[in-house]
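*Asks:*
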Amino acid sequence: MTNDKAAPASGSMMVVGGGIAGLTTALEAAEVGYEVLLVEKNPYLGGRVAQLNQYFPKLCPPTCGLEINFRRIKDNPRIKVLTLAEVEAVSGGPGNYTATVKILPRYVNENCTCCGDCAKVCETEVSDTYNLGMCRTKGAYLPFDMAFPARYVISPQIIGTDDAEKVKTACKYDAVDVDMQPKTVDFSVGAIVWATGWEPYDAHRIDNLGFGQYDNIITNMMLERQAAKNGPTQGQIVRPSDKKAPESVAFVQCAGSRDENHLPYCSYICCMASLKHATYIRAQYPDTKVYIFYIDIRSPGDRYEKFYNTIKQDPGVILIKGKVAEVSEDPATRNITVVAENAVTGEKIHQTVDMVVLATGMQPTAAGAKPPADLAMNDDGFFINDYAKGGMFAAGCANKPADVISSNQNATGIALKAIQTLVKR
Amino acid sequence: MSKKYGVYICEGCGIGEALDVKALCGIPEEEGVPVKTHPFLCGKDGIGLIQKDIAAGTNSLVIAACSRRVNSDIFRFDGCIVDRVNLREGVAWSHPRSEFPPLTEEQKADEDYFDRVQMMAEDYIRMGMIRVEKVNLPEPYKLETFSRNILVLGGGIAGMSAAVDAAKAGYAVTIVEKSDSLGGFAAGVRKQIPVSAPYDALISPIVADKIREVQSFSSITVKTGTVVARIAGQPGDFTVTFKKPGEKIPFDVPFPLPPEMKVDENGKELDVEKQAELYKTYNEGRNDILTLDPDGEKFGAVILAAGWRPDDLKEGDYAHLGFGTLPDVITNHQFEEIAKSGKITRPSDGKPAKSVVFVQSPGKDQSDSDFPYAGSVTSMVALKQAKYVREDYEEDGKAYIFYQHMRTPGFSELFYKGLQQDPGIFMTKGAVMEVSKSGDAMMVEAENTLLGEKLKVKADLVVLAAGMVPATKDDPVINLAYRQGPGFRDIGLFNGYVDSNFICFPYETQRTGIYAAGAIRRSMTMEECIEDAAGAALKAIQCLESVNRGVAVHPRSGDMTFPDFFFQRCTQCKRCTEECPFGALDDDEKGTPKPNPTRCRRCGTCMGACPERIIGFADYNIDSIGSMVKSIKVPSTDDYTEPPLRILGLVCENDAYPALDMAGLNGLSYSADVRFIPIRCLGSMNVIWIKDALSQGMDGVFLLGCKHGDDYQCHFVKGSELASIRMKKIGEALASLALENERVAQFEVAIDEYDKLPKMINDFVESIEALGPNPFKGF
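These protein sequences, in sequence, are chains A and B. So the first sequence is numbered by our numbering: it starts at 90 and just counts up by one. So the second sequence is numbered by our numbering: it starts at 275 and just counts up by one.
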């Protein structure tokens, strides 16, 4: 096609991480004309945003943009996508890297038509990681409705069991290959972009906030999954202990963020996320009261400020400046009482609610697992970009805490930084 | 291309079980078109079957299998026209036989029975067949002259960064700066906020280094004391006229007639000639947009980094803060100027200002908003400026920051935290109620502070955290010689910022080839501007390369088609020019449109708007869709005692169509009497298709598209909105056919609302049932 001939591809790049930042870097570079290898550890692309119900402040579904991005991938022969793949080693230097990529078996080959017969016969259920382990899914599963690639996955947990055989037999298209083995492949690329994203900060580590101890304390990402139609509660926001509609919900802002003992920085998104969550709850339960305990509301920029101002008008949303210091449960009702000091009046607030949501922040994925590459990192596990050296860069939340908009701005620019390395060669 | 057809029907994934495939084969067979079936068409063997035919000359394929959203790589055959007929998600999965039972043998024998699901599949095959007959393979649009040069408007930190980033990738860049030197506001700061660990001290300005870097590139041309008079043409081939600021020249961009000048005293729209005449007088001394400057410079893409101006706080009520009355109440920008020129002193008497109060939020205790256009930048600026006070008066300097919300997102929190250790910096939430003169100094009164209910602070200087007003708030800046006008459309939604409406796609603007960077799109710190500039540079480069390959940019990236006009039949109604969301069309004096294909995003809004139906794309046009509509069989009482309804659904392919697929995937079922046709955008919906459908006896038509309004989700900005306007006007046409308005409708559906679709569809079908069949049926 005419598309390809004129491409000034003087090299190729690898993008590690297929979340929104990685997708953006990969697509923006490929649409300039460069060859891109996109490496994703999950069996699907989309990363964190694929787990979101809506974006703030537009309250629009992330799948809308993902759909366009997936179509861009389908239409662009310059992008090669590897899922269930992780980078094991990187050698060489700018313009000339060798990346060793380990590809785990999906146990489903390209024959898969996504018909779903395998899931129907599979009896074993495994933890549903797409839903943060809040529910279980069949051992043969499609990660979620709009997953790309639209191909089933078989959990390693059922390999070697009777279920594996059942699943194999059920497939009319010979798509199940239980003998599939992990493989390791070397790729030569001129530049590498690490878009390894973030993890919700582990709320178990915040001792005073009772997560893991009391059922009715959940995290903001868990609420996001609850609110999603394809989530564990089919979109119903319920309190975990009795699956009842909560009549009151308290949000604890800066759960772990802006805290020397946990994450010293501000996680950027949690204020806006909680305001958005307030809209989910208020839309579903018009009589439910929402209390947001905050230090500062960080709604930077005109559009976010507008969103905040709209929510502030809602009499059912009560904003209290004060950091939550402790929580307790009434064993009889399973209700939670949060204790905070109103920073302005100095009065101690005891607010009893049906459910508490911890607005946990973002921790870079690399803080837990540093990639096998020569990358500078700050104390918190974010990569520091060295533009003078070039060759390897971090994009999106691997680089700093950010919302989707700024993450994509960053990821678009990083595509150019990677191209600059290729041009130099 | 001489077409050789082939129809391929897959029997896999439940299609074979749900449908009488043999009967389906009868449709192409009847037309003499070869048809093949396969139990697993997307498998190696199935693809082999197709490839064998392609080798033998087949080049126009109807693949009746799964949705085109899946297996797109497998069913991609370069050089062939391919239509994907969606029998799986669209028919078999969404119409399970448990709910739509097949005919019994007995019923089959009785001609008055029919199988709705089978009829649906048959129609879809017919629609696919006619489509491949009616469309052609696209050929890319190539510009006659093409420039790879990039123009950067604005020589501040964002503009310079964008220029350097583009130059490093091998592109020639020209920076245009209206003042006499590079640097912008970055050149006016004493110090900058730290951007790396340990975040404990301010850093020296980086602007000098950036200027040196710009100067080190021979591929970067700098024009200071220069502005853009006009940018004419289209991406890849812009002709730009420069001038000195304030100069009046014939190539200054003309402005469109304001709406009030387009009508007579009775509010009636003036005719084309009269408007053209008025336009000339209105723009006396300026050449029309279609007159190209022979001395203009050629550019391929533009980066708009014209930045901001400090808000002078002339608008808004800040009397309680003493602004405008007390000489020592100043803005943060004025404070920076003082700090840049030496130690911090009071404007009133030049005495050292050792006690400085920074006010972040002007709303007393009524509003916790910061000053307009603040973003989070003004919080950080206040922190930085508080530090200046401490630098200048280490012993006894005191800085007080009164804020409602301290906005230091991300790592800037670390800088804020560091400052909290400084014994001379006091920061508190608080509502500043009044600033008044008090002896030699001023008194600042605040309420509801963290330090007490009421607080009074004596101040030598009060600094108001004024925001950053984007240059586009005051002036179009880009001065496009476009018929729709010189500036960006609809930026009122973003308070004058040239921001994208799309969260996923932050560089989208309504003007192809022009990408905003820096504080013109949002209040940003220098660090953020530098980052943003790299992204804008990438988009500019990407646009150039796409134009050079003859393909569209986002969101239809890679699309090789472009709108083709049959001008002989144009009636100069100007609707295409006016409705194009991207201003791709200019019209001449008579109103004949002049297309600018590289401005076009291929949404087809012009095609939908055209009453003469003279606009189309190689693979998507009035005839291709119209013929699909006409190929739908509309049973009447001649066929059956109780014929089924036939309803047309025109569906946005970006969101609504995937949602329909998801409904199918989840086994949600809906009426089998509806026929869906995906269209590029609801904006491309031409009402003739609706008329075609109704005049051939179809009982109703509905559109499925995305949400419009301020938070629109349309990837082409206005599609669903324009469609809804056209739908409102369709009443007359229906009246002329003696049909009820209720037979046409438009529904909004987001991509994730697939669960709502069955009800939406079935309710419409029921409402049509209630109206009764279209009286034209059978004629």
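Don't be surprised by glycine CBs; every beta carbon is placed ideally from N, CA and C.
#1: To the nearest angstrom, how far is the alpha carbon of A:Y186 from that of A:G279?
#2: Determine the DSSP secondary structure at A:C360, reduced to helix, strand or coil.
#3: Hey, could you find the ends of the beta strand (DSSP E) A:S216 is sitting in?
#4: Around the C-beta of B:V481, are 16 or more other C-beta atoms found within 10 angstroms, so that it is buried, or is it exposed?
#5: In the DSSP output, what is A:K437 paired with across the bridge?
#6: Between B:P871 and B:D526, what straight-line distance do the alpha-carbon atoms span, to the nearest angstrom?
#7: Would you call the CB atoms of B:A739 and B:Q634 closer than 8 Å?
#8: Can you pull the chain A residues whose beta carbon is under 9 Å from the beta carbon of B:I777, in chain order?
#9: To the nearest angstrom, report how far apart A:G480 and A:G182 are at their CA atoms.
#10: For a test of the three-state rule: what should DSSP assign to B:F1038, helix, strand or coil?
#11: Give the DSSP bridge partners of B:H312, in chain order.
#12: Applying the criterion that 16 or more other CB atoms from any shown protein chain within 10 Å of the CB defines a buried residue, is A:K94 buried or exposed?
#13: Shorter than 8 Å from the beta carbon of A:N200 to some beta carbon of chain B?
#14: Along chain E, in chain order, which residues have C-beta atoms closer than 8 Å to that of B:P683?
#15: Run through DSSP, which three-state label would A:K401 get?
#16: Looking at the C-beta of A:V512, does it have a partner C-beta in chain B at a distance below 8 Å?
#17: Look up B:K497 in the DSSP assignment and say whether it is helix, strand or coil.
#18: Beta-carbon within less than 6 Å of B:V661's beta-carbon, same chain only, minus the 5 sequence neighbours each way: which residues are those?
#19: Tell me which residues of the region 117-130 of chain A have at least one Cβ-Cβ distance to chain B shorter than 7 Å, keeping chain order.
#20: Kindly indicate if chain A contains any beta-carbon less than 8 Å away from that of B:E1039.
#21: Would a C-beta distance cut-off of 8 Å place A:L171 and A:L298 closer than the cut-off?
#22: Over what stretch of residues does the beta strand (DSSP E) that includes B:Y355 continue unbroken?
#23: Can you pull the DSSP bridge partners for B:L729?
#24: Along the beta strand (DSSP E) that carries A:K410, what are the first and last residues, could you check?
#25: For B:N928, I'd like the list of residues in its chain whose CB is within less than 6 Å of its CB, leaving aside the five on either flank, ordered along the chain.
#26: Which of the three DSSP states is assigned to A:R225 in this structure?
#27: May I ask you to list the residues that DSSP assigns as paired with B:W582?
#28: Since A:Y383 sits in a beta bridge, which residues does DSSP pair it with?
#29: Strictly below 9 Å CB to CB, what residues from chain B border A:Q509?
#30: Cutting at 7 Å between CB atoms, please list the residues of its own chain near A:S101, excluding the five before and the five after it.
#31: If you measure between the beta carbons of B:P744 and B:Y781, is that distance less than 8 Å?
#32: Tell me the residue span of the beta strand (DSSP E) that contains B:K868.
#33: Decide yes or no for the touch test of the region 1037-1052 of chain B against the region 905-916 of chain B: beta carbon pairs closer than 8 Å, at least 3 of them.
#34: Nearest by alpha-carbon distance to A:K428: which of A:F340, A:C207, A:A188, A:C211 is it?
#35: If contact means a Cβ-Cβ distance below 7 Å, which residues of the region 361-376 of chain B contact chain A?
#36: Reducing DSSP to helix, strand and coil, say where B:V426 ends up.
*Replies:* Concretely, from the data shown:
#1: Start at 1 with the first residue of the first sequence, and residue 186 of chain A comes out as number 97. Start at 1 with the first residue of the first sequence, and residue 279 of chain A comes out as number 190. Between the C-alpha atoms of A:Y186 and A:G279 there is a straight-line separation of about 6 Å.
#2: Here the question's residue 360 of chain A lines up with position 271 in the first sequence. Here A:C360 carries a helix assignment [DSSP, helix/strand/coil].
#3: One-based indexing of the first sequence puts residue 216 of chain A at position 127. It spans 214-216 - the beta strand (DSSP E) in which A:S216 sits, taken as one unbroken run.
#4: The residue labelled residue 481 of chain B in the question sits at position 207 within the second sequence. Buried is the label assigned to B:V481, since at least 16 other Cβ atoms lie within 10 Å of its Cβ.
#5: Taking the first residue of the first sequence as position 1, residue 437 of chain A is located at position 348. In the DSSP output, where bridge partners are listed per residue, A:K437 has A:E430.
#6: Against the second sequence, residue 871 of chain B aligns to sequence position 597. Against the second sequence, residue 526 of chain B aligns to sequence position 252. Cα-Cα distance, rounded: 24 Å.
#7: Mapped onto the second sequence, residue 739 of chain B falls at position 465. Mapped onto the second sequence, residue 634 of chain B falls at position 360. Less than 8 Å separates the beta-carbon of B:A739 from that of B:Q634.
#8: Taking the second sequence and counting its residues from 1, the one referred to as residue 777 of chain B is at position 503. Y144, F145, P146, K147, C149, P151, G154, D492, V493, I494, N497, listed in chain order.
#9: Working through the first sequence from its first residue, we reach residue 480 of chain A at position 391. Working through the first sequence from its first residue, we reach residue 182 of chain A at position 93. Taking the straight line joining both Cα atoms gives about 7 Å.
#10: As a working mapping, residue 1038 of chain B is identified with position 764 in the second sequence. Note: B:F1038 maps to helix in three-state DSSP.
#11: Translated into positions along the second sequence, residue 312 of chain B becomes position 38. In DSSP, B:H312 forms a bridge with B:C284.
#12: In the first sequence, counting from the first residue as 1, residue 94 of chain A sits at position 5. Only weak support is given to the placement of A:K94: the predicted model assigns it a pLDDT of 37, under 50, and the value that follows is read from those uncertain coordinates. Residue burial annotation: A:K94 is exposed, with fewer than 16 other C-beta atoms found within 10 angstroms of its C-beta.
#13: Counted from its first residue, the first sequence places residue 200 of chain A at position 111. Residue-level contact check: A:N200 touches chain B, since one or more beta carbons of chain B fall below 8 Å from its beta carbon.
#14: Absence of chain E from the displayed structure is noted, the protein chains being A and B.
#15: Here residue 401 of chain A corresponds to residue number 312 of the first sequence, with the count starting at 1. In the structure shown, the three-state DSSP call for A:K401 is helix.
#16: Translated into the one-based positions of the first sequence, residue 512 of chain A becomes position 423. Chain B contact via Cβ: present.
#17: The residue labelled residue 497 of chain B in the question sits at position 223 within the second sequence. It is a strand residue.
#18: The residue labelled residue 661 of chain B in the question sits at position 387 within the second sequence. Checking the sequence, you will find Lys at residue 661 of chain B rather than Val. For B:K661, where only same-chain residues beyond five positions count, the Cβ hits under 6 Å are L476.
#19: Result list: E117, E120, V121, G122.
#20: To locate residue 1039 of chain B, count along the second sequence from 1; it is residue 765. It should be pointed out that residue 1039 of chain B corresponds to Val in this sequence rather than to Glu. Not one beta carbon of chain A lies nearer than 8 Å to the beta carbon of B:V1039.
#21: Translated into positions along the first sequence, residue 171 of chain A becomes position 82. Translated into positions along the first sequence, residue 298 of chain A becomes position 209. Taking 8 Å as the cut-off, the beta carbon of A:L171 is found no closer than this to the beta carbon of A:L298.
#22: Reading the second sequence from its first residue, position 81 is the one you call residue 355 of chain B. Going by the sequence as given, residue 355 of chain B is Ile instead of Tyr. Run containing B:I355: 355-360, per the beta strand (DSSP E) assignment.
#23: As a first step, residue 729 of chain B is located in the second sequence; it is residue number 455 there, counting from the start. B:L729 pairs with B:A720.
#24: Here residue 410 of chain A is taken as the residue at index 321 of the first sequence, counted from 1. For A:K410, the enclosing beta strand (DSSP E) begins and ends at 406-410.
#25: Counted from its first residue, the second sequence places residue 928 of chain B at position 654. Answer for B:N928: H989, listed in chain order.
#26: Against the first sequence, residue 225 of chain A aligns to sequence position 136. If DSSP states are grouped into helix, strand and coil, A:R225 belongs with the strands.
#27: Walking along the second sequence from the start, residue 582 of chain B turns up at place 308. Per DSSP, B:P744.
#28: Taking the first residue of the first sequence as 1, we reach residue 383 of chain A at position 294. A:K410, per the DSSP bridge assignment.
#29: Here residue 509 of chain A refers to the residue found at position 420 when the first sequence is read from its first residue. One finds D439, K442, A443, G444 in chain B with Cβ atoms closer than 9 Å to the Cβ of A:Q509, taken in chain order.
#30: Numbered from 1 along the first sequence, position 12 holds the residue referred to as residue 101 of chain A. Beyond the five residues adjoining it in sequence on each side, A:S101 comes within less than 7 Å, by CB distance, of Y123, E124, V125, L126, V278, G279 in the same chain, given in chain order.
#31: As a position in the second sequence, residue 744 of chain B is number 470, starting the count at 1. As a position in the second sequence, residue 781 of chain B is number 507, starting the count at 1. In this structure, B:Y781 does not lie closer than 8 Å to B:P744 by Cβ.
#32: Looking up residue 868 of chain B in the second sequence gives position 594. Annotation: the continuous beta strand (DSSP E) that includes B:K868 extends over 867-869.
#33: With the cut-off at 8 Å, the region 1037-1052 of chain B and the region 905-916 of chain B touch.
#34: Numbered from 1 along the first sequence, position 339 holds the residue referred to as residue 428 of chain A. According to the sequence as given, residue 428 of chain A is Val; it is not Lys. Selection A:F340, A:C207, A:A188, A:C211 evaluated against A:V428 yields A:F340 as nearest (Cα-Cα).
#35: Under the 7 Å Cβ criterion, the region 361-376 of chain B contributes no residue.
#36: Along the second sequence, read from residue 1 onward, the residue named residue 426 of chain B stands at position 152. In this structure, B:V426 counts as strand in the three-state DSSP scheme.
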